[in-house]
Amino acid sequence: MKSWTKFLNLLLCMIAGTVFFFYQNSVHISTNLLTFLPEGQNKAVFEMYSEFKNAKELLVATEGFNKESLSAIKTIEEKLLASNLFTLESSIAPNAKLIAYTQKNTFYLKNLTKENAPNIHETLKTLHDNIIKNPYYTSIDATDPLGYFRSKEQKMPMTIRDGHLALGDFGYLSVFSIKESANTLEDYEKIYTLVHQELLGMHNVRLFSPIFYFVENAKKIQEDVTFLILLSTALLLVLYIFIIKNIYLLINTIATLATSALLSYVLIGMLWSEVSVFVLAFGNAIGTLAIDYMFHYYFYGHYDSQKKFNTSVFYGFLTTLGGFLIFSFVDFPLIQQVCIFAMISLSLSYLQFVFLFPRIGFKKAQPYKAFDISIPLPYRSIALLSLLAIAMSLPFITLDTNIKNLDYQNIGLMKEERFFKKSIKKEGYIPLLIEANSIEQLIAHSNTLNNTFKNATIPLSYFFDKTFYEQRKKEIEALHIKEKKLLIEEEATKLGFREGFFKNAYKEELLDPSYQELTVEILREMGFDVVYKEGKYYTFALVQKHEKGILEKYPFAYSIDAQELFFQALHSIAQQLLIGGILAIAFIVFMLLMICRKSLALSSTFVLLPTALTVLFFLTGGFTIAHLFMLFIMMLFGIDYGIYMSNEESFQDGTKSAIFFSIIDTFAGFGVLILSDIGALHDMGLVSCIATAAILVLLMGRKRA
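With the numbering used here applied, the sequence shown covers 336 to 1040.
The structure is reproduced here in structure tokens:
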């Protein structure tokens, strides 16, 4: 054996590290679960909504209605506006362009009362009597004395106190929109830091922005994943030192796992522009499965002397690889990334542990005598009872599709979000995205929804389209209002109104204004949020959550509900998941029948018991996609151990020691995920703990004589 062979593994690790060092900056690690929704309309809709001011607004409120509070809110406005990162949207100063449009189209923007033609004499007499007899000032609309036109109800009206926008009974409120170019996490972090620095030291101030979730959650998730990786690595290192007891083998093992992980990361980065941070946490844990191959070869003595090819380890590797391969075809980027990472990492580790390590050569480990003692277990009965438990439990298992349960639960921000929504009467509302081929159509769609959802807030329904304009024009002509104007002036003079009091009533330019074509630019200048992208026009609305079922009638309106989007994404791949699950189970059954036919009851329990216990555990709670995915992974782990345990001839040669340390190793790698505050990782860790505990119990048993 050439001496350089001993250093080949370390050389490969250095090469992988060098490639990683130069390539890592080109890979974007994302902490946002929604970015990993399958490509399609649902994801496109959510991304489109993020371009609206409403999705990136900043709400700031100072407590109380006194001079100090008013001075504080104005100081905050000055500081934030000076940064040129914000625009103040809560200014109560009138919009000149909107006022001009409203004055010109006042009779077309109001509701028209046309059921009963008013009696001119009686109507004017009532107005005159109110002026004479009412001790308080009575306002009369001299442009519409007959009351044909009624102002529309204002949804979610603003409260004004002391010339400033107010937040209910809490205090003064300022609403800022963040500049349109700020769309990346780096931009959000800059804005987050600026806001908190400017408000540092200010008391009785509450603030909230949706972008805060991106910043705080990203930071927490990164800290959480880093902690888990370090904790898992430390535990595994201690285990490896205790188990391997060979410093040279330990160094080569760590080098192999590092090489596999680094190259897998690089290859994943080449396939996807964004890589989920969860892949890193999972990737660190997947090494615990890869090291199973080393344990078996080490305890079998393959590294000490030439032995025949270990088919048990090969079949174990093949079943795990096959399971991940099956699920890699599911059109869900997060699942695909995990599966591809696992396949690359396991394949690289297997090749090194099985073909390179025997060439390097390591002294055979002594099996641990403590594992020779075992208790008889009725594997056949366990398998049948587990199968029965699974069959009876499945109808009662419900899949939790709330994506927020998979993310980090930011209690502090959630509290602030509820506070502002409740105070401005937005609690219980969800945003909608309205799509159209033109501004005309967008306004028409907005009015259609406004007529359907009575409690909705649809800003663009303030305007009217060309069709409505033509219709209103005909309705006004049918009322013969122009002819009634002379009668109004005559009758008013007789009743005692001063001459010319109603000279502005029903002016020609108000009854028949020229139609104004609106554009995105004009609407934005008036303060309305409209986006044009790829030949389509978009605006947003707010509707009550319990009414969203009505949206099915309107294909141009999309609900921006993270839970709903995630559910629809799951629904769109439900058939793929079902087929993948059936294929994975069929593959497991096939491998068991082909490899473990003589010990089918024993081997199958390593799949059935962990599955049964996991399913039973979640009968009373939600079963998330993270639980489901990890359960399939643990089934793949289980069949590996079932295959190893079926090889009774190898028991005296270290098999049981290898399996025991493999399961402890897996527990240290995946079990620590249960400590995570991130829903998805915690769920995976919980399933891992249940499954590995079940496998460990089965491992310590033996067949009844």
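Backbone N, C-alpha and C define an ideal beta-carbon position, used for all residues, glycine too.
Sheet register partners of residue i (DSSP bridge)
{"i": "histidine 499", "result": "Arg496"}
{"i": "leucine 294", "result": "Only positions 336 to 1040 of the chain appear in the structure, and residue 294 is not among them; the question remains open."}
{"i": "glycine 506", "result": "Glu398 and Leu502"}
{"i": "phenylalanine 484", "result": "Leu447"}
{"i": "leucine 877", "result": "Pro766 and Thr792"}
{"i": "valine 866", "result": "Tyr873"}
{"i": "glutamate 392", "result": "Ser512"}
C-alpha distance - residue i paired with residue j, whole-angstrom precision
{"i": "serine 385", "j": "phenylalanine 863", "result": "16 angstroms"}
{"i": "phenylalanine 547", "j": "lysine 868", "result": "26 angstroms"}
{"i": "asparagine 518", "j": "alanine 677", "result": "32 angstroms"}
{"i": "lysine 808", "j": "leucine 830", "result": "31 angstroms"}
{"i": "tyrosine 893", "j": "threonine 733", "result": "26 angstroms"}
{"i": "alanine 351", "j": "valine 510", "result": "50 angstroms"}
{"i": "phenylalanine 664", "j": "serine 361", "result": "25 angstroms"}
{"i": "methionine 1035", "j": "leucine 712", "result": "9 angstroms"}
{"i": "tyrosine 628", "j": "leucine 542", "result": "53 angstroms"}
{"i": "lysine 842", "j": "asparagine 430", "result": "24 angstroms"}
{"i": "leucine 420", "j": "threonine 955", "result": "48 angstroms"}
{"i": "glycine 870", "j": "isoleucine 556", "result": "37 angstroms"}
{"i": "methionine 926", "j": "serine 599", "result": "27 angstroms"}
{"i": "leucine 943", "j": "phenylalanine 1005", "result": "20 angstroms"}
{"i": "threonine 448", "j": "glycine 482", "result": "8 angstroms"}
{"i": "glutamine 1083", "j": "aspartate 800", "result": "Outside the modelled stretch of the chain, which goes from 336 to 1040, sits residue 1083, for which no answer is possible."}
{"i": "leucine 433", "j": "proline 668", "result": "45 angstroms"}
{"i": "leucine 1031", "j": "phenylalanine 342", "result": "36 angstroms"}
{"i": "leucine 574", "j": "aspartate 1000", "result": "7 angstroms"}
{"i": "lysine 378", "j": "methionine 727", "result": "36 angstroms"}
{"i": "threonine 828", "j": "threonine 458", "result": "14 angstroms"}
{"i": "leucine 500", "j": "alanine 1026", "result": "56 angstroms"}
{"i": "serine 516", "j": "tyrosine 523", "result": "11 angstroms"}
{"i": "phenylalanine 688", "j": "lysine 514", "result": "54 angstroms"}
{"i": "histidine 780", "j": "proline 945", "result": "53 angstroms"}
CA nearest to the CA of residue i, picked from the options
{"i": "isoleucine 495", "options": "Phe547, Tyr507, Leu416 and Ser486", "result": "Tyr507"}
{"i": "leucine 918", "options": "Ala677, Asn440, Ile661 and Leu416", "result": "Ile661"}
{"i": "alanine 1029", "options": "Ile1013, Phe995, Leu1016 and Val1007", "result": "Phe995"}
{"i": "serine 425", "options": "Ala431, Asn419, Glu392 and His631", "result": "Glu392"}
{"i": "glutamate 860", "options": "Cys348, Val395 and Thr422", "result": "Thr422"}
{"i": "tyrosine 635", "options": "Lys757, Thr623, Ala625 and Val648", "result": "Val648"}
{"i": "serine 939", "options": "Leu1021, Met965, Ala771 and Tyr979", "result": "Tyr979"}
{"i": "tyrosine 764", "options": "Gly658, Lys699, His881 and Ala590", "result": "His881"}
{"i": "leucine 768", "options": "Ile793, Leu653 and Lys750", "result": "Ile793"}
{"i": "leucine 858", "options": "Tyr436, Lys409 and Glu413", "result": "Tyr436"}
Three-state class that DSSP yields for residue i in the structure shown
{"i": "phenylalanine 690", "result": "helix"}
{"i": "serine 426", "result": "coil"}
{"i": "asparagine 587", "result": "helix"}
{"i": "isoleucine 885", "result": "helix"}
{"i": "isoleucine 710", "result": "strand"}
{"i": "alanine 813", "result": "helix"}
{"i": "leucine 653", "result": "helix"}
{"i": "arginine 932", "result": "helix"}
{"i": "arginine 859", "result": "helix"}
{"i": "glutamate 533", "result": "helix"}
{"i": "leucine 971", "result": "helix"}
{"i": "leucine 1034", "result": "helix"}
{"i": "isoleucine 475", "result": "coil"}
{"i": "arginine 753", "result": "helix"}
{"i": "threonine 538", "result": "According to the sequence as given, residue 538 is histidine; it is not threonine. Three-state result, histidine 538: coil."}
{"i": "glutamine 987", "result": "Low per-residue confidence applies at glutamine 987: pLDDT is 49, beneath 50, and the placement is therefore not dependable enough to give any value."}
{"i": "threonine 996", "result": "According to the sequence as given, residue 996 is phenylalanine; it is not threonine. In the structure shown, phenylalanine 996 sits in a helix (DSSP, three-state: H, G or I)."}
{"i": "lysine 341", "result": "helix"}
{"i": "histidine 637", "result": "coil"}
{"i": "glutamate 609", "result": "strand"}
Burial state of residue i (16 or more Cβ within 10 Å)
{"i": "arginine 1039", "result": "Confidence at arginine 1039 is low in this model, with a pLDDT of 45, below 50, so its placement is unreliable and the value that follows should be read with caution. Burial call: exposed."}
{"i": "histidine 962", "result": "buried"}
{"i": "glutamate 752", "result": "buried"}
{"i": "threonine 758", "result": "According to the sequence as given, residue 758 is serine; it is not threonine. The residue in question, serine 758, is buried, as its Cβ has 16 or more Cβ neighbours within 10 Å."}
{"i": "isoleucine 603", "result": "buried"}
{"i": "tyrosine 797", "result": "buried"}
{"i": "serine 544", "result": "buried"}
{"i": "threonine 623", "result": "buried"}
{"i": "histidine 1017", "result": "buried"}
{"i": "leucine 462", "result": "buried"}
Proximity test, residue i beta-carbon vs the ligand MN heavy atom, cut-off 7 angstroms
{"i": "lysine 757", "result": "Here there are no bound small molecules, and the ligand MN is not part of this structure."}
CB contact below 8 angstroms: residue i versus chain D
{"i": "leucine 767", "result": "Protein chain content of the structure displayed is limited to a single chain, and chain D is not contained in it."}
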